[in-house]
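Engineer:
Chains as they are written, first to last, in my numbering: chain A, 7 to 180; chain B, 1093 to 1888.
1. Return the Cβ separation of residue 1546/B and residue 1262/B in integer angstroms, given the expectation that the two are a contact with Cβ distance under 8 Å.
2. At a Cβ threshold of 8 Å, is residue 1238/B touching chain A?
3. May I ask you to list, following chain order, the residues of the region 93-108 of chain A that have a beta carbon less than 7 Å from some beta carbon of chain C?
4. Distance check for residue 1256/B and residue 1541/B, CA to CA, integer angstroms please.
5. For residue 1140/B, which residues of its own chain have a beta-carbon under 7 Å away from its beta-carbon, when the five flanking residues on both sides are left out?
6. Measure from the C-beta of residue 1768/B to each C-beta in chain A and report whether the shortest distance is under 8 Å.
7. Among the residues of its own chain, which have a CB less than 7 Å from the CB of residue 1603/B, if the five just before and after it don't count?
8. Please give the ranges of any beta strand (DSSP E) in the region 1722-1780 of chain B, keeping only runs that are unbroken, at least 3 residues long and fully inside the region.
9. Taking the straight line between their C-alpha atoms, what separation do you get for residue 1784/B and residue 1512/B?
10. Rounded to whole angstroms, what's the CA-CA distance from residue 1264/B to residue 1620/B? Just pull it up for me.
11. Using DSSP with H/G/I as helix, E/B as strand and the rest coil, what is residue 1074/B?
12. If you draw a straight line from the C-alpha of residue 135/A to the C-alpha of residue 147/A, how long is it?
13. Please list the partners that residue 1170/B has in chain A, where partner means a Cβ-to-Cβ separation under 8 Å.
14. Can the beta-carbon of residue 1735/B be found closer than 8 Å to that of residue 1495/B?
15. So, do the region 1412-1432 of chain B and the region 1716-1725 of chain B have three or more beta carbon pairs nearer to each other than 8 Å?
16. Quick one: measure Cβ to Cβ for residue 1516/B and residue 1238/B, integer angstroms, because I've assumed they're closer than 8 Å.
17. Could you check whether the Cβ of residue 164/A sits closer than 8 Å to any Cβ belonging to chain B?
18. Using DSSP's beta-bridge definition, name the partner residues of residue 1608/B.
19. If we define contact as Cβ-Cβ less than 8 Å, is residue 1159/B a contact residue for chain A?
20. Could you tell me which chain A residues have their CB closer than 8 Å to the CB of residue 1583/B, listed as they occur along the chain?
21. Can you find the residues in the same chain that come closer than 8 Å, C-beta to C-beta, to residue 1275/B, ignoring five residues on each side of it along the sequence?
22. Run the CB neighbour count on residue 1705/B, radius 10 Å, all protein chains shown included, and call it buried at 16 or more, exposed below.
23. Take residue 1529/B as the anchor and find which of 1505/B, 1510/B, 1506/B and 1488/B has the nearest alpha-carbon.
24. Kindly indicate which three-state DSSP category residue 1661/B falls into: helix, strand or coil?
25. Among 1383/B, 1468/B, 1319/B and 1569/B, whose alpha-carbon lies nearest the alpha-carbon of residue 1233/B?
26. Classify residue 1237/B as helix, strand or coil using the three-state DSSP reduction.
27. Excluding the 5 residues preceding and the 5 following residue 1210/B in the sequence, name in chain order all residues of the same chain whose CB lies nearer than 7 Å to its CB.
28. So what's residue 1344/B in DSSP terms, helix, strand or just coil?
29. If we define contact as Cβ-Cβ less than 8 Å, is residue 1304/B a contact residue for chain A?
30. Excluding the 5 residues preceding and the 5 following residue 1113/B in the sequence, name in chain order all residues of the same chain whose CB lies nearer than 6 Å to its CB.
31. Run through chain B and tell me which residues come within less than 8 Å of residue 172/A, C-beta to C-beta.
32. From the DSSP output, in three-state form, read off residue 1783/B for me.
33. Could you tell me which chain A residues have their CB closer than 7 Å to the CB of residue 1790/B, listed as they occur along the chain?
34. How many whole angstroms separate the CB atoms of residue 1670/B and residue 1608/B, which I take to be in contact at a CB cut-off of 8 Å?
35. Kindly list, in the order they appear in chain A, the residues whose Cβ is closer than 7 Å to that of residue 1881/B.
36. Once you ignore the five residues that flank residue 1794/B on each side, which residues in its own chain have a CB closer than 8 Å to its CB?
Right under this line is the structure:
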């Protein structure tokens, strides 16, 4: 049996994020599932948040978090049985949530880096580089960058974009 | 066993997944943006907004495989936005319409029919309607997304063939007030400068525009200018709602919706009080006007704006900024080395839309922030060809091609002569403007309506009211489109058309820039270019009506291949015969020239030699605008040769603050405003079919200020009923310090009947421009329930 406990929590930050979280107004329901794991469920149900909550409550194998962290921070690929890079499973409803919504909690540093970058200000969103759920890739293809930066592809045909630019902040590496 | 909330969401999600429409495109179309063996690259314009970004479509074995920006284009320098990056993916979508569809009654199911039969039905119905009620009983409702050749050809058949000026298009809903503003303030439609001013500006005044989402690639240029010069460049964002655009603003000024006229007058007051105006510029180039055009003086104008003290403006606008803010932005505006103002629907979609435009222009005239590099009063266009096709090509009920008012006999005769039709063939009075046209549909006075490339069922304000008319069985509706829309659902005949890059033609964007897109791929199935459809329909029309004048209308185009030769012949007729010596002179912008240019030509461009330089960057400036030289009447460097001001001067207007048509009251206590979101285009019939874009923003939601939400017990994700005197929406809440307290905001792309916000908006319109006041109406809101799983909806 699942035990569902609904709470409305205050988001601790005064920041206002792009989707309207924050400013002390986020509504979160906290629940416990069959295995006794805890998750939190904002108005849009999100697997990433669930993972974070499980980690925070110490009830999920630390290995998964480590793999997730590696995947997002260093570009290491987490492959499924078919060898294809995959995003953690999402329900159909979860697939209809903007990437940045979940990642503002799942990978807040990455989300903030992007949000404050020229891509974030100009609204070049996650899915342009990483694809949407079905075609998700951790390490983007240079082809996607070339949509706007074809001239750089000609200038630096053999250099990967992220050799010179910090991923997500897009600042030049020193 | 009790069902948990999470179980419920999961089950509902599974159910809704099964009913998705438009989600059947496998997500395997990754972009190919670089040269690859077997891939050819075809240059054209982006299909979506009015910026006019140049792109190249990659084609392999006849199939589109990718898209990239054109880096040597002066519109976008290679950059494209989220929509622009992905729009090509709908070209081969399985939902594309590929066969003509017909049903006698709107309650029947569509049947596939042949083109021969489809065109015969269309001709028969229009001929019957014409016989019953003359030109007033037929109507064409087009689009700022149609190619210029298409709009021009449609209106030619309507005006000279069917003797009807019932020629309208969706730009009436977005740009008509800008047209009125430019004509009444500058004497000529369309901006004086353009995008090249952005990199030279020192002050940006962005009002009523969420540029970051509605014109993202231009926003990138403004952002880059600001980030590269953080101290030298000021950005002022004036909007009742904090938006993504506000992120680069030095100062964001929120105000009670509809009170911006007071703010603009207040800025003029400060400029005059502190003597920041350009006295020499005013003396040489300016007239003062009041009322409907009565002469006035500088002193009268100064006295009028003197009543708008900063302190009073603050109160009128809702106490969300200070009097010092008003003074500071007025100083920034007046004293910068170059100020560019940018606006869109926040000023245009208003009952006082023309006045708001006038007041914006007033500030530029007063301070001389015009004609010089880095300064312009720049109305951003919403659609890719609202300017080129509809404003210039004769796509509104009161204007003929080449910026010619219908009601001027001499100008009508010029058009009739160019077409080789008898003088007097074009009716002397303007036809029905959009809201009057759909009112006439409601009343059954329009018997045959052709809707091209737009979806009025969703995009008209107070759409419930007008949808009743479109349901009438005695109103025959033919729709030309690439996908089913909510409007094809109310049509008798649906004709499948070629999409962008499947046909050839010209788009004219915000900055007087015309750019060609050549056919690069074949259309799917039996889809056809509109120019072919018009010609074939008109030939049948001529036969059924036994009217040789209709035959004459298509005579120059008979026998031409529809992919290139036909649109070229239409463009040649339009540009050579109808723009000659007009202020939008496009004679130099031939297909041969346009095909050579990375980014087209800015008019006026009277010769090919001049057009090959790129055309006119700054209108009215001698030495930079050939018409300023050829039309010069004195030694002054600026020559205002526009057709609407006989005194050849810029006009400063006295325009007072005036309320919107509907104000909040005890029963409907909130303002509602609506807008565009970056991931979707208009009614999302295209972008809703692209998974990346659909998933990024699958639903509309209602933005509620946190203070209002707390008062009403509304939490993020709660379902909220939004009700006006005209209709109700049920939308998930986004609690967000975006809209000012007392205001709610909704995006308008969602097609779902519960979330289609134009059921709620108001159809009051500007008395001059006839543009509806989408941006302001009064609503009440209440929490209906907690979060509920929702289903994206795209009509199929």
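For each residue, glycine too, the CB sits at the ideal point set by N, CA and C.
Structural biologist: If we stick to the structure as given:
1. As a first step, residue 1546/B is located in the second chain; it is residue number 454 there, counting from the start. As a first step, residue 1262/B is located in the second chain; it is residue number 170 there, counting from the start. The pair is a contact, with the Cβ atoms about 5 Å apart (cut-off 8 Å).
2. Translated into positions along the second chain, residue 1238/B becomes position 146. No - not a single Cβ of chain A is within 8 Å of the one on residue 1238/B.
3. Within the model displayed, chain C is absent; protein chains A and B are what it includes.
4. As a first step, residue 1541/B is located in the second chain; it is residue number 449 there, counting from the start. As a first step, residue 1256/B is located in the second chain; it is residue number 164 there, counting from the start. Using only the alpha carbons, I get a separation of about 12 Å.
5. Within the second chain, numbered from 1, the residue matching residue 1140/B stands at position 48. Excluding sequence neighbours, residue 1140/B sits near 1175, 1176, 1179, 1476 and 1773.
6. Looking up residue 1768/B in the second chain gives position 676. False, the Cβ-Cβ gap to chain A never drops below 8 Å.
7. Residue 1603/B sits at position 511 when you count from the first residue of the second chain. Answer for residue 1603/B: 1283, 1286, 1287 and 1694, listed in chain order.
8. 1742-1745 and 1762-1767
9. Translated into positions along the second chain, residue 1784/B becomes position 692. Translated into positions along the second chain, residue 1512/B becomes position 420. Near 50 Å, if we compare the C-alpha coordinates of residue 1512/B and residue 1784/B.
10. Numbered from 1 along the second chain, position 172 holds the residue referred to as residue 1264/B. Numbered from 1 along the second chain, position 528 holds the residue referred to as residue 1620/B. Using only the alpha carbons, I get a separation of about 26 Å.
11. Coverage of chain B is limited to positions 1093 through 1888, which leaves residue 1074/B absent and any answer about it impossible.
12. Residue mapping note: residue 135/A aligns to position 129 of the first chain, counting from 1. Residue mapping note: residue 147/A aligns to position 141 of the first chain, counting from 1. C-alpha separation (whole angstroms): 7 Å.
13. Here the question's residue 1170/B lines up with position 78 in the second chain. Neighbours of residue 1170/B on chain A, chain order: 154, 155, 156 and 157.
14. Looking up residue 1735/B in the second chain gives position 643. Looking up residue 1495/B in the second chain gives position 403. Yes, they are a contact pair.
15. no
16. Taking the first residue of the second chain as position 1, residue 1516/B is located at position 424. Taking the first residue of the second chain as position 1, residue 1238/B is located at position 146. That pair is no contact at about 28 Å.
17. For the purposes of this step, residue 164/A is taken as the residue at position 158 of the first chain. Taking Cβ atoms only, chain B never reaches closer than 8 Å to residue 164/A, which makes this a no.
18. The residue labelled residue 1608/B in the question sits at position 516 within the second chain. Paired residue(s): 1598/B.
19. Position 67 of the second chain, counted from the first residue, corresponds to residue 1159/B. By this cut-off, residue 1159/B is an interface position.
20. Taking the first residue of the second chain as position 1, residue 1583/B is located at position 491. Ordered by position in chain A, no residue passes the 8 Å Cβ test against residue 1583/B, which lies about 30 Å from the chain.
21. Against the second chain, residue 1275/B aligns to sequence position 183. Cβ neighbours of residue 1275/B beyond the five flanking positions: 1281, 1734 and 1736.
22. In the second chain, the residue the question calls residue 1705/B occupies position 613. So residue 1705/B ends up on the exposed side.
23. Within the second chain, the letter at position 437 stands for residue 1529/B. Comparing Cα-Cα distances from residue 1529/B to each of 1505/B, 1510/B, 1506/B and 1488/B, the minimum goes to 1488/B.
24. Translated into the one-based positions of the second chain, residue 1661/B becomes position 569. Residue 1661/B: helix per DSSP, three-state reduction.
25. The residue you call residue 1233/B lines up with position 141 of the second chain. Nearest option by C-alpha distance: 1569/B.
26. For the purposes of this step, residue 1237/B is taken as residue 145 along the second chain, with counting starting at 1. In the structure shown, residue 1237/B sits in coil (DSSP, three-state: anything other than H, G, I, E or B).
27. The residue you call residue 1210/B lines up with position 118 of the second chain. Contacts found: 1192, 1194, 1585 and 1587.
28. In the second chain, the residue the question calls residue 1344/B occupies position 252. The answer is strand: DSSP assigns residue 1344/B an E or B state.
29. Here residue 1304/B is taken as the residue at index 212 of the second chain, counted from 1. At least one chain A Cβ lies under 8 Å of residue 1304/B.
30. Mapped onto the second chain, residue 1113/B falls at position 21. Per-residue confidence for residue 1113/B stands at a pLDDT of 31, beneath the threshold of 50, marking its modelled position as unreliable; the derived number appears in the next sentence. Taken in chain order, the residues that qualify are 1886 and 1888.
31. Taking the first residue of the first chain as 1, we reach residue 172/A at position 166. The contacting residues do not exist; residue 172/A stays about 16 Å from chain B at best.
32. As a working mapping, residue 1783/B is identified with position 691 in the second chain. Here residue 1783/B sits in helix by DSSP.
33. In the second chain, residue 1790/B corresponds to position 698, counting from 1. Within 7 Å Cβ-Cβ: 102.
34. If you number the second chain from 1, residue 1670/B lands on position 578. If you number the second chain from 1, residue 1608/B lands on position 516. Between residue 1608/B and residue 1670/B the Cβ distance is about 18 Å, and since that is not below 8 Å, they are no contact.
35. Working through the second chain from its first residue, we reach residue 1881/B at position 789. Simply 99.
36. Position 702 of the second chain holds residue 1794/B. Here the set comprises 1812, 1814, 1821, 1823, 1824, 1825, 1826, 1836, 1837, 1838 and 1873.
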